[in-house]
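**Student:** After the structure tokens below, expect a handful of questions from me.
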Amino acid sequence: MFRAGNNSNDKRLLSYCFVFICFLLIFACPRILDADNTLMHLAQQGTLPSSSAPSTPPTFVDPPGVSKPTVAPAKPGFQPPAQFPATPDPNPQPVSGQSDQDQRLGQKTPLPQTATAGRARSGQVSLNFDDADVYSVIQTIFANILRYNYIIDPRVKGRVTFRSVTPVPDENVLPLMEIILRLNGIAIVEEGGLFRIVPMSDAPREPAPIGYGRDPQSVQLSGKVLLQVVPIRYLQSTEMVKLITPFVSTNAVIVDVPKSNHMIIVDTDSNVKRLLRLINLFDNEQQKEKRPQVFVYNVQNGKAKDMATLLQQIFLGARPSTQAATPSSPVAQQPRPTLPAPARAVVASPQMTGEALVADSTKIYSDDILNAVIIVATAEDFTTIKQTIDKIDVVARQVLIEAVIAQVDLIDNMSLGIAWSLKANLGGIFASTVGFNAPISTPTGAVGGFSFTAIDAGGDVRALISALATKSKAKLLATPHILVSDNREARIQVGSQVPIVTSETYGSLNVSQQRNIQYKDIGVILKVKPRINEGGLVSVELSQEISDYYTTKLYANEDQIIINKTDVSSNLVVQDSQTIIIGGLIREKISASNTGIPWLNKIPILGYLFGSTADVSTQTEIVILLTPHVMKSMQDVSDVTSEYTDRFSNVGLEKGKGKAPAG
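Mapped onto the working numbering, the consecutive letters of the sequence shown carry residue numbers 4 to 666.
Written as structure tokens, this is what we have:
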């Protein structure tokens with residue numbers, strides 16, 4: 004009995020212990036689960052207290068719609084169980100787009116892209132973005148980490164991939180965000196504490212901060228767009244803009260202000276700081292000599308207009324057109340008290356070809372009155388141009404052209420012409436130097452003779468013509484001597500002008516007759532253009548015209564003028580002081596010849612009994628002797644002038660000796 008009673012008491016005691024343990028488990032589990040969820044939420048936010056920091060009781064905030072059961076305070080020394088029915092993820096990874104409630108409850112929404120931001124320790128943050136949308140990245144940085152107010156332009160789009168191997172300090176988060184957004188063409192503009200997230204192309208129109216100066220240290224890196232006005236001291240702002248344009252950000256804006264020599268940069272503050280370093284590197288005291296200056300060069304041996312045109316073609320890479328400067332021209336508006344007349348500006352045509360050898364700011368002008376070239380360029384560029392000018396503006400070589408134009412009567416042994424007579428009478432001296440030539444034109448009515456060109460080194464042709472002239476078988480039409488510059492044309496005319504009726508109008512009785520008259524040059528006209536090469540050969544472009552006229556009655560019983568013209572055009576190459584002979588133009592002239600007893604054959608009517616009249620045909624040949632003498636220096640020109648002066652002086656002395664003494 005006693006044993007039975009003891010057994011029943013033991014069973015009752017065990018029952019009480021079991022109920023008490025169950026009661027403890029029921030009231031202790033919610034408290035432990037809630038603490039575990041709180042620790043998981045703090046781990047996600049990166050705000051776990053360090054082990055060294057004093058522990059403070061956490062404040063728990065229930066999510067909406069979730070009630071927390073009332074629990075008694077834990078007893079001192081109570082240790083939670085080692086395991087719980089639901090073990091949370093030891094490394095929770097918050098996902099962009101999750102609400103705070105989902106994160107606290109440990110619920111995750113699966114997304115293909117993630118944006119992770121975890122705070123490693125105080126003052127640092129770890130950022131990891133894997134092909135995340137730029138909206139999620141902006142929300143994570145500006146809202147969750149920086150706690151900034153922001154607004155996003157609807158046109159902002161992009162994807163971001165970034166992983167921070169080491170934690171990023173808090174002060175570097177915004178500059179890092181500026182770099183991330185800049186790669187997507189997005190800019191950050193701050194206005195009154197509100198951050199505008201806009202496309203980079205719209206940044207210049209946003210109220211960005213304005214800075215002035217060129218000191219990189221004055222630019223504070225905040226990850227925002229900055230409008231910086233930069234003065235250029237030594238170079239031209241146009242040149243500096245071209246220099247730094249390749250280094251600006253995509254869609255950034257750079258504006259040139261040439262009148263004040265400034266430039267405006269709209270870019271991120273980090274890139275503005277880098278550009279200022281670049282500007283200071285190139286725009287320094289050493290570049291002072293590279294500023295454009297005005298240089299005036301007085302042309303000594305040519306025309307300023309021609310030289311300016313040539314320099315424009317060489318250095319500015321264009322085929323220029325010359326136009327007079329007008330008041331609307333920027334250069335003409337500047338006062339020029341030292342110049343008496345407006346300069347002629349050489350302006351490049353729209354068809355710009357070739358490569359420029361100097362700066363684009365270089366300008367070249369010509370002043371025809373002063374015969375000067377005005378160059379606006381840097382000192383370095385002008386030195387380059389001056390070296391070319393020194394080689395161009397030199398004294399041109401000159402050639403003395405000595406010509407003899409003769410008309411030879413083809414009679415007796417000269418009936419076949421000068422060429423055949425030279426071969427027969429001079430023993431074939433010219434057999435190897437006489438060549439038949441075709442391009443010499445013959446006048447209408449001339450006999451079809453040979454035209455030839457020969458070289459007379461010994462003066463034999465001159466001697467032959469002189470001998471014929473003494474026998475009245477040759478006539479010197481002209482012996483011009485002319486001094487001409489290299490590659491310039493010289494023209495000599497000996498003759499007159501003849502009026503020629505070009506049109507005639509016959510009116511009624513009350514309207515007078517009208518005639519249009521044009522004057523024609525008649526006589527000997529010589530045009531010569533020599534070119535000298537370095538070897539002393541002279542290339543001559545020759546144009547020779549010999550013309551005369553006679554009158555005849557063609558209609559209306561009026562005298563009409565008929566012109567006979569012999570025209571020679573040829574290109575010749577000859578050594579210095581050698582003589583070129585051009586001949587073979589044979590002309591036939593028919594004239595009336597009166598023969599009879601002198602005086603009696605001139606008696607009217609009875610004169611026919613004492614004489615006769617017949618048509619006589621005469622043939623003449625035009626021969627041109629051309630001798631070029633190269634003047635290599637001004638002393639040669641002086642010697643030739645003295646020689647001709649002495650020659651004419653001797654002629655005057657000989658004439659004076661032939662006169663009888665006075666008295």
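For each residue, glycine too, the CB sits at the ideal point set by N, CA and C.
For clarity, every value in this text was computed on a predicted model and none was experimentally measured.
Can you list, in chain order, the residues of its chain whose CB lies under 6 Å from that of G431, leaving out five sequence neighbours each side?
**Tutor:** Bear in mind that a pLDDT of 43 at G431, under 50, signals an unreliable position, so the number given afterwards is only what the model happens to contain. The answer is none, since no qualifying residue turns up.
**Student:** Between the alpha carbons of R208 and K262, how many angstroms are there, rounded?
**Tutor:** If I take the Cα positions, the gap works out to 23 Å.
**Student:** Between which two residues does the beta strand (DSSP E) carrying Y153 extend?
**Tutor:** That run of the beta strand (DSSP E) goes 152-155.
**Student:** DSSP three-state label for Q578, please.
**Tutor:** In this structure, Q578 counts as coil in the three-state DSSP scheme.
**Student:** What are the boundary residues of the beta strand (DSSP E) that Q523 is part of?
**Tutor:** According to the sequence as given, residue 523 is Lys; it is not Gln. Per DSSP, K523 belongs to the beta strand (DSSP E) from 517-535.
**Student:** Excluding the 5 residues flanking Q127 on each side, which residues of the same chain have their C-beta closer than 8 Å to its C-beta?
**Tutor:** Cβ neighbours of Q127 beyond the five flanking positions: P170, V171, P172, D173.
**Student:** I need the boundaries of the beta strand (DSSP E) containing E561, first residue and last residue.
**Tutor:** Counting along the chain, E561 falls outside any beta strand (DSSP E), and DSSP gives it neither H nor E.
**Student:** Spatial neighbours of L17 within its chain, please: CB distance less than 8 Å, with the 5 preceding and 5 following residues excluded, ordered by chain position.
**Tutor:** Once the five neighbours on either side are set aside, L17 has no close Cβ partner at all.
**Student:** Under the rule that 16 or more other beta-carbon atoms within 10 Å means buried, what is A146, buried or exposed?
**Tutor:** Under this definition A146 is an exposed residue.
**Student:** According to the neighbour-count rule (16 or more other Cβ atoms, all chains shown, within 10 Å of its Cβ), is Q401 buried or exposed?
**Tutor:** The residue is buried, with at least 16 neighbouring Cβ atoms inside 10 Å.
**Student:** Cα separation between E544 and V260?
**Tutor:** Roughly 55 Å separates the two Cα atoms.
**Student:** Of the residues L278, R217, V504, R166, which one's Cα is nearest the Cα of F133?
**Tutor:** Looking at the sequence itself, residue 133 is Asp, so the reference to Phe does not match. Comparing Cα-Cα distances from D133 to each of L278, R217, V504, R166, the minimum goes to R166.
**Student:** As a quick exercise: from S620, N274, S636, pick the residue whose alpha carbon is nearest that of Q231.
**Tutor:** Residue N274 is the option with its Cα nearest to Q231.
**Student:** Where do the N-terminal and C-terminal ends of the alpha helix (DSSP H) with R280 fall, by residue?
**Tutor:** Segment 272-285, the alpha helix (DSSP H) holding R280.
**Student:** Pairing CB atoms from the region 209-227 with CB atoms from the region 249-257, are three or more of them under 8 Å?
**Tutor:** No: the two stretches stay apart, fewer than three of their Cβ pairs being nearer than 8 Å.
**Student:** Mapping DSSP to helix, strand and coil, what is L184?
**Tutor:** Helix.
**Student:** On a CA-only basis, which of A190, E288, Q500, Y153 is nearest G161? Give me that one, please.
**Tutor:** Here the closest residue by C-alpha is A190.
**Student:** Using a Cβ-Cβ cut-off of 6 Å (strictly less than) and excluding sequence neighbours within five positions of T482, which residues of its own chain qualify?
**Tutor:** Within the same chain, T482 has close Cβ partners V407.
**Student:** Are V137 and V159 touching if we call contact CB-CB under 8 Å?
**Tutor:** Taking 8 Å as the Cβ cut-off, V137 and V159 qualify as a contacting pair.
**Student:** Any chance you could list the alpha helix (DSSP H) runs of at least 4 consecutive residues sitting entirely within the region 174-240, in chain order?
**Tutor:** Complete alpha helix (DSSP H) runs here, min 4: 176-185.
**Student:** Alpha carbon to alpha carbon, what distance is there between I388 and V527?
**Tutor:** Going by the C-alpha atoms only, they are around 45 Å apart.
**Student:** Could you tell me the boundaries of the alpha helix (DSSP H) in which A311 lies?
**Tutor:** Start and end: 307-318.
**Student:** Can you list, in chain order, the residues of its chain whose CB lies under 7 Å from that of F671, leaving out five sequence neighbours each side?
**Tutor:** The question about residue 671 has no answer, for the chain in this structure spans 4 to 666.
**Student:** Keeping to the same chain, check which residues put their C-beta closer than 6 Å to that of K532; ignore five residues upstream and five downstream.
**Tutor:** Closer than 6 Å at the Cβ level, and outside the excluded window around K532, lie E492, E544.
**Student:** Would you grab the beta carbon distance between Q516 and Y509 for me? Rounded to a whole angstrom, and I think it's under 8 Å.
**Tutor:** Contact flag correct, Cβ pair sits at about 6 Å.
**Student:** Would you decide whether T621 is buried or exposed? Buried here means 16 or more other CB atoms lie within 10 Å of its CB.
**Tutor:** That one is exposed.
**Student:** Expressed to the nearest angstrom, what Euclidean distance is found between the alpha-carbon atoms of C20 and L130?
**Tutor:** Near 53 Å, if we compare the C-alpha coordinates of L130 and C20.
**Student:** Which residue marks the beginning of the alpha helix (DSSP H) containing K394, and which one marks its end?
**Tutor:** It spans 382-395 - the alpha helix (DSSP H) in which K394 sits, taken as one unbroken run.
**Student:** Would Y647 be called buried (16 or more neighbouring beta carbons within 10 Å of its own) or exposed?
**Tutor:** It counts as exposed.
**Student:** Determine, using beta carbons only, whether V302 and A375 come nearer to each other than 8 Å.
**Tutor:** Yes, they are a contact pair.
**Student:** In this structure, does DSSP put Q303 in helix, strand or coil?
**Tutor:** In the structure shown, Q303 sits in coil (DSSP, three-state: anything other than H, G, I, E or B).
**Student:** Going by DSSP in three states, Y19 sits in which element: helix, strand or coil?
**Tutor:** Correct three-state label for Y19: helix.
**Student:** Helix or strand or just coil, what does DSSP make of I606?
**Tutor:** In the structure shown, I606 sits in coil (DSSP, three-state: anything other than H, G, I, E or B).
**Student:** List the residues that DSSP assigns as beta-bridge partners of F298.
**Tutor:** Partner(s): I378.
**Student:** Please state whether DSSP places S138 in a helix, a strand or coil.
**Tutor:** Note on residue identity: the sequence assigns Tyr, not Ser, to residue 138. Y138: helix per DSSP, three-state reduction.
**Student:** By a C-beta neighbour count over all protein chains shown, 10 Å radius and 16 as the cutoff for buried, is A135 buried or exposed?
**Tutor:** So A135 ends up on the buried side.
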